[in-house]
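Asks:
Number of protein chains: 2
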Amino acid sequence: MNREKFAYSSCPLVKAMTALGSKWKPIIVCVIRDKKVRFGQLAAIMDVISRKVLTDQLRELEADGILIREEFKELPPRVEYSLTQKGLDLLPIFSLLEEWETKYDPQSEVIHSVVHSLHEPVLTEKD
Amino acid sequence: MNREKFAYSSCPLVKAMTALGSKWKPIIVCVIRDKKVRFGQLAAIMDVISRKVLTDQLRELEADGILIREEFKELPPRVEYSLTQKGLDLLPIFSLLEEWETKYDPQSEVIHSVVHSLHEPVLTEKD
DNA sequence: CGGCATCCTACCCGATACTG
DNA sequence: CAGTATCGGGTAGGATGCCG
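Taken in sequence, the protein lines are chains W and L. Just so we're aligned: 64 in the UniProt record's numbering is position 64 of the first sequence, and the numbers increase by one with no gaps anywhere. Just so we're aligned: 89 in the UniProt record's numbering is position 89 of the second sequence, and the numbers increase by one with no gaps anywhere.
(1) What does DSSP give as the partner residues of ARG78 (chain W) in its beta bridges?
(2) Can you tell me whether DSSP reads VAL53 (chain W) as helix, strand or coil?
(3) Do you know offhand how far THR124 (chain W)'s Cα is from ARG59 (chain L)'s?
(4) So which residues on chain W does VAL14 (chain L) lean against when the C-beta distance must stay under 7 Å?
(5) Closer than 8 Å by beta-carbon distance: list the chain L residues that pair up with GLY65 (chain W), in chain order.
(6) I believe LYS25 (chain L) touches LEU61 (chain L) by the beta-carbon criterion, under 8 Å. Please report the beta-carbon distance rounded to the nearest angstrom.
(7) Determine contact between the segment 31-44 of chain L and the segment 75-85 of chain L, defined as no fewer than three beta-carbon pairs at a distance below 8 Å.
(8) Please confirm whether TYR81 (chain W) has its beta-carbon closer than 7 Å to some beta-carbon of chain L.
(9) Considering just the uninterrupted stretch of the alpha helix (DSSP H) at CYS30 (chain L), what are its terminal residues?
(10) Give the interface partners of ASP89 (chain L) over in chain W, defined as CB-CB distance under 9 Å, in chain order.
(11) Determine whether the Cβ of LYS86 (chain W) lies closer than 7 Å to any Cβ atom of chain L.
(12) Would you list the one or two residues that DSSP bridges to ARG38 (chain L)?
(13) In whole angstroms, what separates the C-alpha of VAL48 (chain W) from that of CYS11 (chain W)?
(14) In terms of DSSP beta bridges, what is LEU67 (chain L) paired with?
(15) Taking a cut of 8 Å between CB atoms, which residues from the segment 42-54 of chain W lie near chain L?
(16) Residues of chain W with CB under 8 Å from GLN107 (chain L), in chain order?
(17) For GLY40 (chain W), would you say it is in contact with chain L, using Cβ-to-Cβ distances shorter than 7 Å as the test?
(18) According to DSSP, is VAL14 (chain L) helix, strand or coil?
(19) May I ask you to report which of helix, strand or coil DSSP gives SER22 (chain L)?
(20) For LEU75 (chain L), which residues in chain W fall below 7 Å Cβ to Cβ?
(21) Please tell me whether GLU120 (chain W) has its Cβ less than 7 Å away from any Cβ of chain L.
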């Protein structure tokens, strides 16, 4: 496979989608947003993800320089995640993607409510 | 799983990433761009993809209303793919994603050269 | 030419249990 | 609290071959 018509692995779009194209990563980024968020908060809000997967995704996002993991050597332990500038730069792009999807599929519900649920103390009962 | 903290499947960002987050779809969209492109051309340019996968991705993109498949009942058969407006609307977003990646990883090479290779008759020998 | 059918592999994702 | 370790299923992606 010598003369690839394009260098797949060096295409920025491919790289970006590789870093972000997983099932949960965009959501994680959007949920963290401009806050410092503890692992437990993420796990509580995104309780559809297993903790292992959440950990995995967070680690990969950290490796890709999209977020920062701060570990406090306390008891009980505390870990806070926050976006890097690189991660923050994604938010407007994700917004566009949301708009794009919503434009062509008005059934979608926005994720912002989720983020609110994070930053508000409330939430739990649904009906 | 009653009270999901957010409706995963109705989050527009999730939907968008589901429709686009695969390994090749963004590339396909960017390669087709504003042209009508035949299957063979796509397969030739993106010869790192197996034809089966290429077909699969094209079908899914068609199902998601991102591109259109036109089949000409000729001999030899001819099939042309082109983006819908929904697909075209993605291009600027992908551009932003490219810029984002390139900004934080200048090693990336742009895909535009690829597209050129499609729309120019030339190309083949690399060295 | 532009597929589809078949088979196979890798890995993403998840459940569960255990640890500092 | 915030993980790791282990096991395993489902599916995206790929190689190959046949067909209208």
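Cβ atoms here follow ideal geometry from the backbone N, Cα and C, with glycine treated the same way. As the structure is a prediction and not an experimental result, all values here were calculated from the model.
Replies: A quick look at the data gives this:
(1) W:PHE72.
(2) helix
(3) Low confidence applies here, because THR124 (chain W) scores a pLDDT of 36, under 50, leaving its location unreliable and the question unanswered by this model.
(4) ILE27
(5) TYR104
(6) Yes, LYS25 (chain L) and LEU61 (chain L) are in contact; Cβ-Cβ is about 6 Å, under 8 Å.
(7) With contact defined as three or more Cβ pairs closer than 8 Å, the segment 31-44 of chain L and the segment 75-85 of chain L are in contact.
(8) no
(9) 25-32
(10) By Cβ distance, chain W contributes TRP100, LYS103, TYR104.
(11) For LYS86 (chain W), a Cβ of chain L is located within less than 7 Å of the residue's own Cβ.
(12) L:GLU80
(13) 32 Å
(14) According to DSSP, LEU67 (chain L) shares a beta bridge with L:LEU83.
(15) Within the segment 42-54 of chain W, the residues whose Cβ lies closer than 8 Å to some Cβ of chain L are ALA44, ILE45, MET46, ASP47, VAL48, listed in chain order.
(16) Here the neighbours are SER10.
(17) no
(18) helix
(19) Looking at SER22 (chain L) - three-state DSSP - the assignment turns out to be coil, as it is neither helix nor strand.
(20) Result: empty, since nearest Cβ-Cβ is about 28 Å, beyond 7 Å.
(21) For GLU120 (chain W), the predicted model reports a pLDDT of 49, less than 50, meaning its position is unreliable and no value from the coordinates is stated.
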